[in-house]
Amino acid sequence: MGGTNTAFGLVDARGTVLASSSIKTAKHADINDYIAELHEAIMRLVEENNAVDKINGIGIGAPNACYYTGVIADGVNLPWPTPIPLADLITEKFGIPCVITNDANAAAIGEMTYGVARGMKDFIMITLGTGVGSGIVINGQVVYGHDGFAGELGHVIMKRTNGRMCGCGRSGCLEAYCSATGVARTAREFLEIRTEDSLLRNIPIDEITSKDVYDCAVQDDKLAKEIFEYTGTILGEALADFCTFSSPEAFVLFGGLTKSGELIMKPVREAYEKNVMTCFKGKAKIVLSEMKESDAAVLGASALGWEVKNPD
Numbered sequence: 205m206g207g208t209n210t211a212f213g214l215v216d217a218r219g220t221v222l223a224s225s226s227i228k229t230a231k232h233a234d235i236n237d238y239i240a241e242l243h244e245a246i247m248r249l250v251e252e253n254n255a256v257d258k259i260n261g262i263g264i265g266a267p268n269a270c271y272y273t274g275v276i277a278d279g280v281n282l283p284w285p286t287p288i289p290l291a292d293l294i295t296e297k298f299g300i301p302c303v304i305t306n307d308a309n310a311a312a313i314g315e316m317t318y319g320v321a322r323g324m325k326d327f328i329m330i331t332l333g334t335g336v337g338s339g340i341v342i343n344g345q346v347v348y349g350h351d352g353f354a355g356e357l358g359h360v361i362m363k364r365t366n367g368r369m370c371g372c373g374r375s376g377c378l379e380a381y382c383s384a385t386g387v388a389r390t391a392r393e394f395l396e397i398r399t400e401d402s403l404l405r406n407i408p409i410d411e412i413t414s415k416d417v418y419d420c421a422v423q424d425d426k427l428a429k430e431i432f433e434y435t436g437t438i439l440g441e442a443l444a445d446f447c448t449f450s451s452p453e454a455f456v457l458f459g460g461l462t463k464s465g466e467l468i469m470k471p472v473r474e475a476y477e478k479n480v481m482t483c484f485k486g487k488a489k490i491v492l493s494e495m496k497e498s499d500a501a502v503l504g505a506s507a508l509g510w511e512v513k514n515p516d
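Just so we're aligned, residue 205 is where the sequence shown starts under the numbering used here, counting upward by one.
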């Protein structure tokens, strides 16, 4: 469950995604209407794949979801009032046990099991979508903390003075700069304070998206390329700080913003190398997820669903 879209799928015990689909997360103003549409869409998929009465459990990755309580405590990118007892609501609607975790944690589990982090025991997953999420894996285990909310690296403050307001209510968070929405905000700021020509000026300023910035950058638009450089530099600086916490083998970047490729990866790597402590230099890889779009999150969430049947 992301701030924009909710992807879902049927997954077997071997980790094969048998079928998948999606709905818009923010289409409904009421969480119960959203769950009703989700139920209808999933059951249609179940029936089409002859899986009625074969579903053992439901796993969900959602923003700010607590693995221990099954509650979304503060879904800053979701349209509904929180807290939301999502696991209980889903269990009641489907009649099937449900386990939830942070959406980035679910992506990390999927990446560790099926993706580029397969075989790694220490890595950090960074999801770059509507917001910035993270899943921290240490010694082969996802870090949840004592209350289930550990790993909110998207809300590490990168600019303590005059930082942008973040949806979490604080200022200067990484998410406010390095998410897809953050890229669009940077574009608007640059256009307002800069005077040079740019293809971005052909788009109404309030309608600019991160994809617009990408489309202009690949056409060699100087301002658009500088927006990605600015974004990647902040992210690279953040990764350098994160490295001191858990000394990961790799940072795995996942999500729509990673489709910009070297436009963002080059400044990420350069800023990381410039800022990382000497003792960590050359030790952590910064790689892009090799999972198909949404598969890491769906597969990771499905692993939670199998925990329902096999809690040990």
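Note that CB positions come from ideal geometry on N, CA and C, so glycine has one too.
Because the structure is a prediction, the values reported are computed rather than measured.
Just reading off the alpha helix (DSSP H) that Met-469 is part of, what are its end residues? 466-479
Report task. Have a look at Ile-490 and Ile-468 and give me their C-alpha separation to the nearest angstrom. Result -> 12 Å
Checklist entry - Thinking just about the alpha-carbon of each residue, which of Cys-270, Asn-281 and Pro-283 is nearest to the one in Leu-290? => result Cys-270
Fill in: Ile-259 to Ile-300 span [Cα, whole Å]
8 Å
Self-check item: Backbone secondary structure at Phe-353 - three-state DSSP
Solution: coil
- Which residues does DSSP pair with Leu-332 in a beta bridge? Val-336
- Leu-439 versus Asn-268, Ala-310, Phe-455 and Val-303, residue with shortest Cα-Cα distance: Phe-455
- Item | Straight-line gap, Ala-255 to Gly-219 (C-alpha atoms, nearest Å) | 16 Å
Original post:
Does the region 492-511 come within contact of the region 308-318, defined as at least 3 CB pairs closer than 8 Å?
Top reply: yes
Subject >> Closest by C-alpha distance to Met-316, when choosing among Thr-448, Ser-464, Glu-474 and Phe-458 >> reply: Phe-458
Is DSSP giving Thr-482 helix, strand or coil here? helix
Start and end residues, beta strand (DSSP E) containing Val-456
454-458
So, Ile-431 versus Thr-482, is the Cβ gap smaller than 8 Å?
no
Considering Lys-258, what are the terminal residues of the beta strand (DSSP E) in which it resides?
-> Neither: Lys-258 is in no beta strand (DSSP E) and is coded neither H nor E.
For this session: Enumerate, from N- to C-terminal direction, the unbroken alpha helix (DSSP H) stretches of 4 or more residues contained entirely within the region 208-251.
Result: none
Going by C-alpha to C-alpha distance, which of Lys-463, Arg-473 and Ile-361 sits closest to Met-495? Lys-463
Looking at the structure shown, is Ile-361 part of a helix, part of a strand, or coil, going by DSSP?
strand
Out of Glu-433, Gly-460 and Glu-400, point me to the one whose CA is closest to Thr-413's CA.
Gly-460
- request: Please list, in chain order, all residues of the same chain as Ile-227 whose beta carbon is under 7 Å from its beta carbon, the five residues on each side excluded.
  value: Thr-210, Glu-241, Leu-242 and Ala-245
- Assigned secondary structure, Leu-290 (DSSP; H/G/I helix, E/B strand, else coil): helix
**Study point:** Ala-380 versus Glu-411, Asn-343, Ala-442 and Ile-304, residue with shortest Cα-Cα distance
**Key:** Ala-442
- What's the call for Glu-396, buried or exposed, on a 16-neighbour Cβ count within 10 Å? exposed
query = What are the start and end residues of the alpha helix (DSSP H) that includes Ile-397?
reply = 384-397
Next item on the list: Taking Phe-446 and Leu-357 to be in contact with their CB atoms under 8 Å, please state how far apart those CB atoms are, rounded to whole angstroms.
Entry: 6 Å
Exercise. Would you say Gly-219 reaches chain B, if we count a Cβ-Cβ gap shorter than 8 Å as a contact?
Worked result: Among the chains in the structure shown there is no chain B, since it carries only a single protein chain.
- DSSP three-state assignment for Ala-266, whether helix, strand or coil: strand
ask   = Would you report the Cα separation of Ser-402 and Asp-425, rounded to the nearest angstrom?
value = 6 Å
Distance between Arg-473 and Ile-239 (C-alpha atoms, nearest Å): 41 Å
Got a sec, what are the start and stop residues for the alpha helix (DSSP H) Leu-427 sits in? 426-450
Assigned secondary structure, Cys-302 (DSSP; H/G/I helix, E/B strand, else coil) = strand
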